[in-house]
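> Its first residue numbered 0, the sequence shown is counted upward by one per residue in numbering that gives the first Met the number 0.
One structure is given below, represented as structure tokens, and several questions about it will come after.
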Amino acid sequence: MGFISCENVVKKFGSFTALDHINLEIPQGKIFGFLGPNGAGKTTLIRIINRITLPTEGRVLFNGRELKLSDIENIGYLPEERGLYKKMKVGEQAVYLARLKGLSRADATRELMIWFQKFGIQPWWNKKVEELSKGMAQKIQFITTVLHKPQLLILDEPFSGFDPINVSLIRDEILRMKSEGCTIILSTHNMESVEELCDEIALVNKAKLVISGNVDQIRKEHGHNRVEVCYRAETADGVMAADGGTGRLQSVEGLFSVFSTENTKNGLRSVLDICKDASSRNVLSEISRQVEIVSYQPLMPKMNEIFIKLVGESGGATSQSIEDYRKSDPKNR
């Protein structure tokens, strides 16, 4: 059983089904990527886990028992929709938000000073929020989300609007919290972040769970069987390549087909599609017969490719978000 378990979770807004019998296990102490096109149901499930709304059917378990309102004290939630009170001073607002999570004023002020120094924003303590840049405001919201050291951290597009330096800063903090045992749900459209950070993922589309599991395993199961070969145009004995002098690898029926070839600083690079039943020994033997191998490595498919493939296979992306639906039909608000 996962740290968070969703059992047959259904959410309906009138006749519209936002979540359709979602069963999901989120392991403790891992970073869990929650993926899907806009309007797929991600935010609805996040709000159910965070007790902002309740499921129409099914239940959510927190550490083996049904989730209750008091569990929110152990959850940190950074929504995609950012919002701070513009007329309040930065420090005053940060203390206020920390106290909502159960910290005393003294503890909140002490911890906030540590975080403000770490993020290089201590000079802004007495400034008004409206004076902050977008990135600065996002730093403050991230800090107030994690300040109470939650057991479960839910981050919805946490890197949106950040420059590369601050993306690295937030990423390092996420990894540090994971190392300290925090369970993290990361909802994002940034597939590079998924590949870099996530241990497991779930993909939802049109209210249904499409796939869930270990990131590396999913990449192996749903990607192409491809390898990258870097090589020189001559074989080891100095004879020109077997393709008649072009120096480029040629496809061999029953072993591999050449997907692409490009020039590099030190020779050539080809990506090969390996035939299903071809042995690595025979593939390597044929490649070395044609060219002098510099390097040879399997190519793991990109999560972006797998995302597009699986969404397409499950019926394509929905064109209407839940919010659009609720706005178009007032009785469902």
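Virtual Cβ for every residue (Gly too), placed ideally from N, Cα, C.
For E79, name the three-state secondary structure that DSSP assigns.
DSSP places E79 in coil when its eight states are reduced to three.
> Taking just the CA atoms, how far does N204 sit from G38?
Rounded to whole angstroms, G38 to N204 spans 8 Å at the Cα level.
> For K10, is the classification buried or exposed, using 16 other Cβ atoms within 10 angstroms of its Cβ as the cut-off for buried?
Result: buried.
> Rounded C-beta distance between I30 and K177? I'm assuming under 8 Å.
Correct: roughly 6 Å between the Cβ atoms.
> Return the bridge partner residues of T263 from the DSSP annotation.
Beta-bridge pairing links T263 to G266.
> Are at least three pairs of beta-carbons, each pair with one atom in the stretch 158–170 and one in the stretch 131–147, less than 8 Å apart?
Yes, the stretch 158–170 touches the stretch 131–147.
> Hey, could you find the ends of the alpha helix (DSSP H) F306 is sitting in?
Run containing F306: M302 to E312, per the alpha helix (DSSP H) assignment.
> How close, in whole Å, do the beta carbons of A97 and H20 come, if the pair is a contact with beta carbons under 8 Å?
At roughly 38 Å, the Cβ-Cβ gap does not stay under 8 Å, so A97 and H20 are not in contact.
> Could you tell me the alpha carbon to alpha carbon distance between S284 and R218, rounded to whole angstroms?
If I take the Cα positions, the gap works out to 27 Å.
> Over what stretch of residues does the alpha helix (DSSP H) that includes D106 continue unbroken?
Looking at the DSSP string, the run of the alpha helix (DSSP H) that includes D106 is R104 to K117.
> Are R225 and V270 closer than 8 Å when you measure CB to CB?
Cβ atoms of R225 and V270: closer than 8 Å.
> Work out the CA separation of I273 and P297 for me, nearest whole Å.
Between P297 and I273, the C-alpha separation is close to 10 Å.
> Taking the C-alpha atoms as reference points, what is the distance between E304 and M190?
Computed Cα separation, rounded: 9 Å.
> Compute the Euclidean distance between the alpha carbons of R64 and W123, then round it to the nearest angstrom.
Cα to Cα, R64 sits roughly 42 Å from W123.
> Just the Cα atoms here: how many angstroms apart are F33 and E291?
F33 and E291: Cα-Cα distance of roughly 43 Å.
> At the level of alpha carbons, what is the spacing between M112 and V89?
Roughly 12 Å separates the two Cα atoms.
> Would K205 count as contacting chain D if we go by Cβ distances under 8 Å?
The structure shown contains no chain D; it holds only a single protein chain.
> Just to confirm, are E79 and E156 a CB contact at a threshold of 8 Å?
Closer than 8 Å, so yes.
> Does the distance from the C-beta atom of R280 to that of C229 stay below 8 Å?
No. Outside cutoff.
> Identify every run of the alpha helix (DSSP H) within the stretch 9–95, keeping only runs that are complete inside it and at least 4 residues long; order them along the chain.
DSSP runs (the alpha helix (DSSP H)) wholly in the stretch 9–95: 41–48.
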